[in-house]
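What follows is a set of notes on a single structure, which appears directly below.
Protein chains in written order, with the working numbering: chain A, 3 to 489; chain B, 793 to 1058.
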């Protein structure tokens, strides 16, 4: 099935909805491309975002239309016709063919844009007609002369109307409304009324992606730290008032100071729980204001919130009155202060991970994240108590020198680590830990990745976690490593 | 006149006691698991104060035995009913702590918040902040040294909310020797070194870990040296947190006189 045809193909008699085999029979040199409705929808949304340069209110009309509310903005381009011409020229330069029409109602513009005139003669602008007399007066001739397909009708209703000999909008508008509604249902009348401005129509305008933004402009630049702190609180107050109205809280905040010389100064803040308490947010920014270089002065400050989440209203007030003493909630202010001071990844809580490999058996999560359910971590997401594990695990195993063992598959009797000789008094093991073969292919598993761990105690009582890498092999010297220390 | 003077003296002494907050009854004391140890501390480890725990010899750098000792104390502290829902904060300079090993010593990972500080001053500042925060039962900080000012600040932070601090003296990698801090505001100063374990007859492998404890300074002037063993494990293998330590032997004062010989032997 053809979904769209180029002008050349249309000239050759092809049309959307035609079967591909029929079209190929008609034109054997037909070039076919797979239809990508999702990509088309994405492109339409991108185009809608671009059209914000003309009007703040843009509504995509899938699959191929855009509505721009140009009420009050057309004069910036010198009028509706000039604006439409500018839009057409820019679209044409980007390789897009467009039909543009401006009218009093979205329905009328839709109809005009799809009329043959818009295709032939470029942007159409319908002069406004008297709003007070819309109810009674006949539609303007430009609209009345259009075919019924210019109304946004359902295909079934459109086919039935054309079978009754109704071809033009003017004919439909002249019919008595009562029988029309009974015969075709309310949808036909509604489409007609919306085109003629007799019924209101709501368009779903796209909103800018981040509305959580507050900005303060200053008459005189400031640079004193106290002023910056006050500014920070004032701008937080603005944003938090909006967050409170919407019942939201922010988890990431970005504070931008706009310097006189244009250099950007930006501070970012991550919170463990969504918050909208301006004093708390300002306090968290406070220690980092001292490190900030105001240059010749700050002339504006803006605060932007990301990762905005639902925060039940009233909770902020309650929390400020009654500080929770128990549970992880009580830790939240401390965690936030530490995160703000130390930067990301320096405050954590450890969770078990179902893995035998020591390095992989610990997973770090944010300090206030709730423990994950057992389903995600597998059944054995705890460290078995019967397997001894060291208190300190070296970031990477350190090789042991001068190892003396009675036989290659026995624990060492003596070794040297960090220039110190340890004579082993007691040993326990081995615990054999192999590579996780299911993580890469089975062919990547080698016997020299096997580790035999021993827990050993030297003459002073110091305990070490040492391992021998690889299975015993006569051709290869045995290597011993120290991986951890027991307390 | 005489009675008036006695009354005034008593009032002044009470003031001093209140200022020093030594053995505040509300803070409580943590039993180390043996009456002989507790009596040397005046009834147990004083809570709501901070304690210094250092290593000796090679331990000054790896600091495994002092950390294990501190973890046993922290586990016992968090198991108290008045610490329910509170967490331990462990502040590190070098990020080599392995939570499975801590869980073995009785300190569960879900009640432990790890913090990695970039330098000495930051580690102390974080410790101070954490001690003064609600929801924190015990703060363990691995730092090189605590000078008198920093120690006093830690003490004030402890007093603000009753948190207990355990400062683990750890020499920075390749740095100067730690554990030589002179005056300090710590309630007690400990030196911990590993001792040879004694597996029971017929037991296979290693026995429970043993440490030589030296109490080098304590408020009230008591010192001492002991050989202790980590408390026995229950049938399920979980650590017995109510009795963190088992006293093996009381050591003579000669260890105090010759600590240099000990570290040289290590």
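Even glycine gets a Cβ: it sits at the ideal position worked out from N, Cα and C.
From the DSSP secondary-structure annotation, give me the bridge partner or partners of residue 61(A). For residue 61(A), which the question treats as bridged, DSSP gives the partners 69(A).
For residue 906(B), the first and last residue of its enclosing beta strand (DSSP E): 904-908
Where residue 396(A) meets chain B, residues with beta-carbon distance less than 8 Å: 888
Taking all protein chains shown into account, decide if residue 970(B) is buried (16 or more other Cβ within 10 angstroms of its Cβ) or exposed. Any reading at residue 970(B) needs caution, since the residue's pLDDT is 49, under 50, leaving its predicted position unreliable; the model's value is listed next. Residue 970(B) is buried by the Cβ-count criterion.
Is any beta-carbon of chain B found at less than 9 Å from that of residue 337(A)? Closer than 9 Å: yes.
Kindly examine the ligand NAD and report whether one of its heavy atoms sits closer than 8 Å to the Cβ of residue 286(A). With respect to the ligand NAD, the structure offers nothing, as it holds no ligand at all.
Is it the case that the stretch 416-425 of chain A contacts the stretch 387-395 of chain A, given that we only count it when at least three CB pairs across the two stretches are under 8 Å? no
Chain B contact for residue 438(A) (CB, 9 Å cutoff): no
Quick check: the stretch 824-834 of chain B against the stretch 911-928 of chain B, are at least 3 beta-carbon pairs closer than 8 Å? no
Leaving out five residues on either side along the sequence, give the residues of the same chain with a beta carbon under 8 Å from the beta carbon of residue 862(B). 845, 932, 958, 960
Output the distance between the C-alpha atoms of residue 307(A) and residue 45(A), rounded to the nearest integer angstrom. One C-alpha to the other measures close to 27 Å.
Taking only runs of the alpha helix (DSSP H) that begin and end inside the stretch 154-228 of chain A, which ones reach a length of at least 4 residues, in chain order? As far as the stretch 154-228 of chain A is concerned, its whole alpha helix (DSSP H) runs of at least 4 residues are 157-165, 171-176, 179-186, 188-198.
Of the residues 923(B), 978(B), 934(B), the one placed nearest residue 941(B), counting alpha carbons only: 978(B)
Quick check on residue 854(B) - is its C-beta less than 9 Å from some C-beta in chain A? Yes, residue 854(B) lies at the interface with chain A (some Cβ there is under 9 Å from its Cβ).
Between which two residues does the alpha helix (DSSP H) holding residue 827(B) run? 827-832
Using the three-state DSSP reduction, which class does residue 17(A) fall into: helix, strand or coil? Residue 17(A): coil per DSSP, three-state reduction.
Local conformation of residue 959(B) per DSSP, three classes: strand
Check whether the Cβ atoms of residue 488(A) and residue 891(B) sit closer than 9 Å, and answer yes or no. With respect to residue 891(B), residue 488(A) sits apart: the two C-beta atoms are not nearer than 9 Å.
Where do the ends of the alpha helix (DSSP H) carrying residue 22(A) lie? 22-28
Can you confirm whether residue 802(B), when its beta carbon is compared against all beta carbons of chain A, has any partner nearer than 9 Å? no
For residue 857(B), which residues of its own chain have a beta-carbon under 7 Å away from its beta-carbon, when the five flanking residues on both sides are left out? 847, 851, 984, 985, 986, 1003
Euclidean distance between Cα positions of residue 158(A) and residue 187(A): Between residue 158(A) and residue 187(A), the C-alpha separation is close to 12 Å.
What does DSSP give as the partner residue(s) for residue 56(A) in the beta ladder? DSSP, once it has assigned bridges, lists no residue as partnering residue 56(A).
Using only the alpha-carbon positions, how far apart do residue 95(A) and residue 32(A) sit? Going by the C-alpha atoms only, they are around 26 Å apart.
With H, G and I counted as helix, E and B as strand and the rest as coil, what does DSSP make of residue 337(A)? Residue state, collapsed to three classes: helix.
Determine whether the Cβ of residue 488(A) lies closer than 9 Å to any Cβ atom of chain B. yes
What does a CB cutoff of less than 6 Å around residue 193(A) pick up in its chain, not counting 5 residues either side in sequence? 153, 154, 155
Would you please verify whether the beta carbon of residue 375(A) is less than 9 Å from any beta carbon of chain B? The predicted model places residue 375(A) with a pLDDT of 44, which falls under 50 and marks its position as unreliable, so this point remains unresolved.
Identity of the residue in 1008(B), 988(B), 1010(B), 1011(B) nearest residue 1021(B) by Cα: 988(B)
Quick test of the definition: if touching needs 3 or more C-beta pairs under 8 Å, does the stretch 335-354 of chain A touch the stretch 237-255 of chain A? Short answer: they don't touch.
Exposed or buried, residue 465(A), counting other C-beta atoms within 10 Å across all chains shown (16 or more means buried)? buried
Specify the secondary structure class of residue 861(B) as computed by DSSP and reduced to three states. Reduced to three states, the DSSP call for residue 861(B) is helix.
What do you reckon, are the CB atoms on residue 51(A) and residue 65(A) nearer than 9 Å? no
Which bits of chain B does residue 351(A) rub up against, with CB to CB less than 8 Å? 901, 902, 904, 905, 906
Spell out the partners DSSP gives residue 980(B) in its beta bridges. 843(B), 1010(B)
Status (buried if at least 16 other CB within 10 Å, exposed otherwise) for residue 268(A): exposed
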